[in-house]
Amino acid sequence: MTQESLIQVHQLEKKYKTKEKMFSKNNEYIKAVDNVTFHIKEGETFGLVGESGSGKSTIGKSILRLQDISNGEIKYHGKNVFELDKKEMRHLRTKMQFVFQDPFSSLNPRLRIGDALAEPLLDHGLATKKNVKEKVMETMELCGLPTYHINKYPHEFSGGQRQRIGIARAMIMNPEFIVADEPVSALDVSIQAQIINLFQELQEKRNLSYLFISHDLSVVEHLCSRIGVLYLGTMMELASRDQLYENPQHPYTKALLSAVPIPDPTKRRERILLKGDLPNPASPPSGCKFHTRCPFAMDICKNETPVFKEREPGHFVACHLVDQEKANT
Amino acid sequence: MAQQEPLLSVHQLKAHFQSEDGLVKAVDGINFDVYQGETVCIVGESGCGKSVTAMSIMGLLPDTSKVEGEINLAGKDLTKLSKGNMRRIRGNELSMIFQEPMTSLNPVMTIGEQMTEVLLEHQAISKKQATKKSLELIKMVGIGRGEQIIKSYPHQLSGGMLQRVMIAIALACDPKMLIADEPTTALDVTIQAQVLNLLQDLKEETNMSMLLITHDLGVVAEVADRVVVMYAGKVVEQGTVEEIFANPKHPYTKGLLQAKPVLGSRKKKLYTIPGQVPKLVDLKPSCYFADRCEHCMKICTQQTPELKSDDSSEHKVACWLYENEVVHK
């Protein structure tokens, strides 16, 4: 497992301070990510799904070391990302890239896109002033951007094209690994399909690995080979795509799947409706964090945190109900 | 249902705006009906005129816009009403909920104040009665702790709760017609499922009609009785939800249905509609979808097709492909 895995996340924990108290050492924290473990294999697309506030983006940012973590380890090719020195980190930055949800706010509005794409290449010394234009045009073509756009400014592009620029900006460094944080959520259906296909093409051409963060379970099913389901910063279930979509174990995963509207009026299904809202992450429920909304909650769920265990090869679940069912059979 | 008079009848509605680049025909001569107790969905991508249609029905477009055509609600032409009369209809007979509950509520007024405001404005009741009615409404939309909620400010509630409050305010005066503009787009899937269920239940209880605007075909399939597909300010297809999903006719509708990844049906590659929505300025007479259409013929670039059906059914399409069918017969 260690050999083939590109990224290993081990017992990751990230706490944010909420209130600075002047005279007390007991600051209040929000645990955005709580004891999350998974790995991403080379050439695969790993999906992270969950509702807002589940810690998806925090994990993505932590892997790229865009922020510090509170506990745990993140390894890239077996090396702890947080123990690298400046020089090693600088090299690693080229290998790992980020694609954001809203490319417009992540592009400099006063920089022509040709310059925006050239900047990282020149900065890292990966191109000279002479051949940089050639490389930029090559990447633009790769990402489906007509090269005559090279002198335009970000505001001149449509949403779909801007996302292509965002992807081109990541691809120009020839990375091994890309974290894509809700890259298609802001796009219209017809444009969304174009961008999803682009992600797949790039993966085939360059043997990329993705961490694909999304709240849209249909998009994740289409793109990802393995998927982790997060709820309030905790991994509830982790499995291959087939296992997760055909045999979901955790009640939260089941509810999430049943909540997705299916575009077929002949299939109006019975839904598992969850009660209530997401609890406040600053004071998460005791025991299993999902117990306040779980239709099958038992007494044990309120008191004990379920263990994240492998039930079948590659299929991990953290749920007392599944534990009991296993014990009975 | 067709024999009955429609509750809302939109006839040759046009909404034009003057912009720096020229005249923007955001909505350009559309027709549709909504019958009592029926849910009609308007689908389309951003910029196709869905929201402008809703706003023109509500009479909420800015004065700089030019609205033409007829909007008949229960026999009254809304476009001919004075501002005062329109104000009386809005909230009473016609009500609307918006995409962003956070920005449509007043942040410095409590939920209770905002709810009683509507009631006091439109109904001859005392403040005490209004407060009592507010509590009932809050209960009706499935929020417990009503006493506490009416004393809270919008920022103290979650997105799902706020959308419920919005629905409660919209339904305060028992409208005959509810317009919902992307009511669940900003919500998480599990909350979306709750809100859709709630709207469905309330609609059945009160027998009101609903005009739902959305880009999500999954939502359409779940709630719609009839569907209106819009593209670039025109209706390109309309019919019952079963017909539209089982037998879509317009290449745009077909494309939309194929481009969306669907839970449980895996494809290697997603179908894409090439290109993007045209700018709505200075469009020549033509099918506006022509440059993205794989079936584009000569006539498509020269004349605008009309919305009609090839038999007497309700399933209508604006596409030259089907005109030819009629001609060849």
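Protein chains in written order, with this note's numbering: chain E, 1 to 329; chain D, 330 to 658. Yeah, the Cβ is synthetic: ideal placement off N, Cα and C, and Gly gets one too.
Apart from the five residues on each side of it in sequence, which residues of its chain come closer than 7 Å, Cβ to Cβ, to residue i?
i         : result
Asp703(D) : With chain D covering 330 to 658 only, the question about residue 703(D) has no answer from this structure.
Lys468(D) : Gly475
Lys275(E) : Arg293
Gly584(D) : Tyr600, Ile602
Pro183(E) : Val99, Gln101, Gln163, Ile195
Gln161(E) : Leu145
Ala118(E) : Val132, Val136
Asn435(D) : Gln443
Given that residue i touches chain D, what residues does it touch there, using C-beta distances under 8 Å?
i         : result
Tyr245(E) : Leu592, Gly593
Glu221(E) : Pro590, Leu592, Gly593, Arg595
Val189(E) : Glu374, His544, Leu546, Leu585, Ala588, Lys589
Ile196(E) : Pro590, Leu599
Gly352(E) : Only positions 1 to 329 of chain E appear in the structure, and residue 352(E) is not among them; the question remains open.
Leu256(E) : Val518, Thr519
Quick check: what's the CA-CA separation for residue i versus residue j?
i         : j         : result
Glu533(D) : Thr368(D) : 10 Å
Thr535(D) : Cys370(D) : 19 Å
Pro248(E) : Leu217(E) : 13 Å
Ser54(E)  : Val381(D) : 35 Å
Val307(E) : Val317(E) : 8 Å
Ser455(D) : Leu449(D) : 7 Å
Gly441(D) : Gln458(D) : 12 Å
Ile167(E) : Ile191(E) : 14 Å
Met444(D) : Leu464(D) : 9 Å
Ile479(D) : Pro279(E) : 20 Å
Ile359(D) : Lys343(D) : 7 Å
Lys267(E) : Ser638(D) : 27 Å
Gln3(E)   : Lys41(E)  : Low confidence applies to Gln3(E): its pLDDT is 48, below 50, so where it sits in the model is not reliable enough to give any reading.
Met89(E)  : Val81(E)  : 8 Å
Lys312(E) : Ile300(E) : According to the sequence shown, residue 312(E) is Glu rather than Lys. Their backbone Cα atoms lie some 23 Å apart in a straight line.
Glu334(D) : Asp503(D) : 20 Å
Glu422(D) : His215(E) : 36 Å
Val565(D) : Ala588(D) : 18 Å
Leu546(D) : Pro263(E) : 5 Å
Thr408(D) : Gln203(E) : 54 Å
Ile418(D) : Pro512(D) : 21 Å
Ile272(E) : Ala127(E) : 55 Å
Glu551(D) : Leu531(D) : 15 Å
Cys143(E) : Met537(D) : 48 Å
Tyr16(E)  : Ile30(E)  : 5 Å
Ser225(E) : Gly72(E)  : 25 Å
Thr305(E) : Met506(D) : 48 Å
Gly125(E) : His149(E) : 24 Å
Lys79(E)  : Gln200(E) : 28 Å
Gly604(D) : Leu211(E) : 27 Å
Using a C-beta to C-beta distance shorter than 8 Å, which residues of chain E count as neighbours of residue i?
i         : result
Asp517(D) : Glu51, Ser52, His215, Leu278
For residue i, which beta-bridge partners are listed by DSSP?
i         : result
Asn80(E)  : Lys75(E)
His39(E)  : Gln8(E)
Gly47(E)  : Phe212(E), Ile227(E)
Cys616(D) : Looking at the DSSP assignment, Cys616(D) forms no beta bridge with any residue, so it has no partner.
Ser351(D) : Reading the sequence as shown, one finds Gly at residue 351(D) and not Ser. For Gly351(D), which the question treats as bridged, DSSP gives the partners Ser348(D).
Glu567(D) : Sequence check: residue 567(D) is Gln here, not Glu. Partner(s): Val557(D), Lys645(D).
Tyr29(E)  : Lys17(E)
Ser594(D) : Val591(D)
Asn401(D) : Ser338(D), Asp406(D)
Ser106(E) : Answer by DSSP bridge pairing: none, since Ser106(E) is not bridged.
Thr234(E) : Tyr231(E)
Leu540(D) : Val369(D), Ile508(D)
Listing by chain order, which chain E residues have their CB less than 7 Å from the CB of residue i?
i         : result
Lys409(D) : Here the premise fails: no neighbours, minimum Cβ distance about 35 Å.
Using a cut-off of 7 Å between C-beta atoms, extract the partners of residue i located in chain D.
i         : result
Val260(E) : Val518, Gly547, Leu592
Ala193(E) : Ala588, Leu599, Tyr600, Thr601
Leaving out five residues on either side along the sequence, give the residues of the same chain with a beta carbon under 8 Å from the beta carbon of residue i.
i         : result
Phe346(D) : Leu352, Val353, Ala355, Thr393, Ser394, Lys395
Met330(D) : Annotation note: pLDDT 46 at Met330(D) (below 50); position unreliable, no value reported.
Asn303(E) : Ser286, Gly287
Leu527(D) : Val470, Gly471, Arg493, Ile496
Leu612(D) : Lys354, Ala561
Gln428(D) : Asp510, Glu511, Pro512, Thr514, Ala515
Looking only at its own chain, which residues have a Cβ that is under 6 Å from the Cβ of residue i, when we skip the five neighbours before and after it?
i         : result
Pro430(D) : Leu491, Gln492, Met495
Thr58(E)  : Lys14, Ala32, Val33
Ile508(D) : Ala383, Met425, Leu540
Beta carbon of residue i: closer than 7 Å to some heavy atom of the ligand GDP?
i         : result
Ala259(E) : The ligand GDP is not part of this structure, which contains no ligands at all.
What does residue i touch in chain E if you count any residue whose Cβ is under 9 Å from its own?
i         : result
Val570(D) : Pro265
Verify the CB distance criterion: does residue i have a CB-CB separation below 8 Å to chain B?
i         : result
Asn526(D) : Any reference to chain B falls outside this structure, whose protein chains are E and D.
| Are the segment 543-558 of chain D and the segment 154-170 of chain E in contact at 8 Å, needing three or more beta carbon pairs? | Short answer: they don't touch.
| query | Are the segment 186-204 of chain E and the segment 118-135 of chain E touching by the rule of at least three beta carbon pairs closer than 8 Å? | reply | No, the segment 186-204 of chain E is not in contact with the segment 118-135 of chain E.
| Given 8 Å as the limit, is there contact between the segment 228-240 of chain E and the segment 64-81 of chain E, that is, 3 or more CB pairs closer than that? | Too few Cβ pairs lie closer than 8 Å, so no.
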